[in-house]
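Residue numbers (the working numbering): 5 to 807. Here a beta-carbon is modelled for each residue, glycine too, at the ideal position from N, C-alpha and C. Some notes on the structure that comes next.
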Amino acid sequence: MRSTEHPNIRRVTASLCIQKPKIPTSPPKDEGSPIPKPPLDPVEVKRVSNARARLFKVASQGNLLPDKEIHSEGTVKRLNSDSCLNIKDFPHDTDESDLSQFNVKTLANKSTVCAEEKMILPTGIREHVGSQSTQTSLGSKQVIQESRPSTYPGNTEINKEQNRTGSNGDSRTYEDETEEEILYWNTKIQPLLDEIKPLNNGNDVEHLCKVCSSLYRTLQEGNMLGKMCKRRAVLLKTLYRLVDVGSDQLSIQLAKIILALKVSGRNLLNICKLMFKVSRSENNDALFQNDNILDCLMEVFSFTDPIGNIDAFLYCMGTIKFLSGNIILLKDLLNKGLVETLVRLMKEINDVNRTSDTYLCSSGHLLVQVTATLRNLADLPQSRSRFLSTGALLELCVVLEQHLNDKDVCTNVARIFSKLSAYNDCCLALSECTSCYQLFLDILHRHQRKQDLVVRVVFILGNMTAKNNKAREELYKQKHSVETLLTLFQTYHELDVKVKITPAKAQNKNEIDGSKNQRLSEVEDILVKLIRVIANLSISTEVGSAFSGNQNCVDLLIKVLECKTIEKCEELMMNAAATINNLSYYQVKNSAVKARQLHIAELLMKLLLCNNMDAILEAARVFGNLSRSKEVRNFIVQNNVDKFMITLLDAKHQDVCFAACGVLINLTVDKNKRPILKQDGGIKKLIDCLRDFGPTDWQLASLVCKTLWNYSEKITSTVLCFGENETDELLELLPAYLNEEIALNVAINGSDEGLLEHHKMCWESEFVPVAQQLLCRIQHYHRHPEALPSSSLQNCSPSKGLF
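So, in structure tokens, the structure goes:
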């Protein structure tokens, strides 16, 4: 059944992707002054041969559906081993085209003991060759030692810890330990630590992983996770020494324990870096599917302040973003409440940024990772209810508002909205976020040349305005809305023409590389989606009337029809024709469409005479509106368009027949054009349409009856007017269709209550009035008229004027 929107107005459907300043961060509250680091041993520096794609490289989505990832140059947001984000901070990095991996080094000097929450800092950066996990026995690793004076400022707690534990780190009694805790430590924990302590005892990685797994379970059973363990510092010191083994498998086990101990400050930052390094290789995804490591990662967001630990959160989110590229891990993360967690994180950041811009820059880097992860989650159908229930769409709008100048953040949010807006429930929820309309227009204004961003925003606007009249009017009333859309139209039309002309000037076609062809496709894609927005906006009477009188808009649409062909640019041509159809419906003063109607009619001939039925349909619809003008009706007859419309009645396609009838009914307004219907077999074909489609499409049946009514205005005999066989068919069909039981047969129209109600409304309001009048006229002028009841004759007006 046709849409309840006006039949002459059609909704266009879609066919459907920087270097940052350093993050200003304050030193963690629980840290002392930085610990001096010795020069890195150059032997330890190795290059990455095939690491996972760079973090923070925003994917570009060309033709939106499906979403594709396009790697652009020079727009990589980088992470390093320190607080700020700049690849120059890696003095030993020999390959600046990739993000340096990091490896935490530990100190072996016995005089330096790590106190609680005082982690031995990394001494350098190591990049492991290959994408496989590096598993090296402890005996083969060189230990880089580092020492610092015992009088180093801030070492009071360390000295106290040494007094309790001893310079060698062996177990001693703590002041507040109970006898049970001492016994549990000595009999359960200490043996495991002794087993992994020696660095040169030949233990292989598999054995160390098993011991670490046992250690985690033992700590859990003894209620020693979190900050409950009295000898937490000794435990952390032992674990940190194992980081230097360089095994990704072991790193996961260590990270699980260390995160479970609820470390903070620099300790949390470095362990998040370690997780990030492991997650960069897709080959390590399997490591994250075991041992509840995802739970430990998720817990970081619940016990840590994001603003005070923004660097750690950045690496943690980078890890989760990488893992979310794996569909198995993505579903697991969704079930663990990642959407809810990230929405809470966004809200915290948004609230802080509302009152101060101190963290605006650094939070932008974090939000790039958050929004990239949410985009991956949006791919899962089961995530939609979570996006709606958490208020994610509103928070994402706030993110856009606060980071309008950040192209990466804007692109990621646009990717989320472009995915979700394809679903009615999410699209409606987004439409109700009144702030989003102006935000989208601001993005189109500020990032006009960012094609991957622009294409997504216009796609979203097209979805929002496709079925929602309130959204159409809301977008239209925004400041500079029409100006912004038409400026964008002008910009990309000129770019499209420029790209098209460039190949013609090339002396050798081989000089034209593939990048230009891709660029042409991207520009055209934006035009397709932008014109779709204008077409959808024009469904609204207020907006459509305004656009109909806009000379610039109509001129741009005409230029598209002039310079394109249906063979090469099918969707673009059809969208342009559909938009002109919508605008031509409105009979407004100073209509720009009416002023150019003959030129438009000439351009439509390209569509009408092609081999594409969809293009023919769009052209027929436009002729249906334009043919209200006598000048266009004369053009139609002069160019045999009328004969073509009669032929289209044989298409056996409801929409095509409806469009053709729209043209023919307007032709019957001119008395001298009415004989055309009978000469070319039009009467017979109209009756065939009535028989074929009447019971399922009362709008089309009504239009057929109106055409026959106008045609028979000067009737004297039904046989002379319609033909004998045609008259008999009408006398058979019309009474049957006027019978409610037959007309609204459930077997024909289905059992859907809403559809049946709409069907009945169309039958009663559109078909019955004209069908009754036509039947009365035919019966009245039939050569053997049957006697009609006086009441029926009183209700009939066989000489009524045109419809």
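Notebook entry, point to check: Going by beta carbon distance, what residues of the same chain come within less than 6 Å of L197, once the five residues before and after it are set aside?
Noted result: T242
Margin query: Restricting to runs no shorter than 4 residues, where is the alpha helix (DSSP H) found entirely within the stretch 284-313?
Written below: 297-307
Notebook entry, point to check: Pick from N743, T672, T222 and K710: whose alpha carbon is nearest that of Q777?
Noted result: K710
Check: Does the count of Cβ pairs from the stretch 439-455 and the stretch 472-491 closer than 8 Å reach three?
Finding: yes
Note to self: Quick check on P679: does DSSP put it in helix, strand or coil?
What the structure shows: helix
Next item on the list: Please specify which runs of the alpha helix (DSSP H), each continuous and at least 4 residues long, are wholly inside the stretch 590-670, giving them in chain order.
Entry: 596-599, 601-612, 617-630, 634-642 and 645-652
Item checked: Host alpha helix (DSSP H) of I447 (start-end) -> S439 to R450
Checklist line | Cβ pair L541, R476 closer than 7 Å | finding: yes
Notebook entry, point to check: In this structure, does DSSP put I719 in helix, strand or coil?
Noted result: coil
Item checked: Residue burial classification, H369 (beta-carbon count within 10 angstroms, cutoff 16) -> buried
Check: Given that a residue counts as buried once 16 or more other Cβ atoms are within 10 Å of its Cβ, and exposed if not, what is F463?
Finding: buried
Checklist line | Helix, strand or coil at C414 [DSSP, three-state] | finding: helix
Next item on the list: Just the C-alpha distance for I162 and N271, rounded to the nearest angstrom, thanks.
Entry: Annotation note: pLDDT 35 at I162 (below 50); position unreliable, no value reported.
Note to self: So, with DSSP's three-state summary, where would you put K504?
What the structure shows: helix
Note to self: Quick check on the DSSP output: what are the complete alpha helix (DSSP H) runs of length 4 or more inside the stretch 302-367, in order along the chain?
What the structure shows: 314-327, 331-339 and 342-359
Check: I think L587 touches G628, with their Cβ atoms under 8 Å apart; what is that distance to the nearest whole Å?
Finding: Their Cβ separation, rounded to whole angstroms, is 13 Å, which puts L587 and G628 out of contact at 8 Å.
Item checked: Sufficient close CB pairs (3 or more, under 8 Å) joining the stretch 456-470 to the stretch 404-416 -> yes
Margin query: Distance check for Y480 and K836, CA to CA, integer angstroms please.
Written below: With the chain covering only 5 through 807, there is no way to say anything about residue 836.
Note to self: So, with DSSP's three-state summary, where would you put V372?
What the structure shows: helix
Check: Taking just the CA atoms, how far does V501 sit from F697?
Finding: 44 Å
Notebook entry, point to check: On the three-pair Cβ rule with 8 Å, is the stretch 333-351 touching the stretch 382-399?
Noted result: yes
Check: Is it buried or exposed for H603, if we count other Cβ within 10 angstroms and need 16 for buried?
Finding: exposed
Check: Smallest Cα separation from L337: which of D289, K563, A599 and L318?
Finding: D289
Note to self: Among the candidates S251, S525, L492 and L490, whose CA atom is the shortest distance from the CA of V503?
What the structure shows: S525
Margin query: Just to confirm my understanding: we take A623, look at its own chain, exclude 5 residues before and 5 after, and list those with CB closer than 7 Å. What are they?
Written below: A581, L608, L611 and L612
Notebook entry, point to check: In whole angstroms, what is the alpha-carbon distance linking P773 and D659?
Noted result: 22 Å
Next item on the list: Identify whether C233 lies in helix, strand or coil by the three-state DSSP scheme.
Entry: coil
Notebook entry, point to check: Would you report the Cα separation of T583 and T545, rounded to the nearest angstrom?
Noted result: 14 Å
Notebook entry, point to check: Where Q373 and A663 are concerned, what is the direct C-alpha to C-alpha distance, given to the nearest angstrom?
Noted result: 50 Å
Checklist line | Rounded C-alpha distance that separates M649 from V527 | finding: 35 Å
Check: Roughly how many angstroms separate the alpha carbons of Q293 and L342, rounded to a whole number?
Finding: 16 Å
Notebook entry, point to check: Nearest CA to the CA of I535: which residue from T495, T569, L576 and K563?
Noted result: L576
Next item on the list: Using a threshold of 7 Å, state whether the C-beta atoms of E728 and I687 are closer than that.
Entry: no
Note to self: What would DSSP say about K454, mapped onto helix, strand or coil?
What the structure shows: coil
Check: Just reading off the alpha helix (DSSP H) that Y3 is part of, what are its end residues?
Finding: In this structure the chain extends from 5 to 807, so residue 3 is not present and cannot be described.
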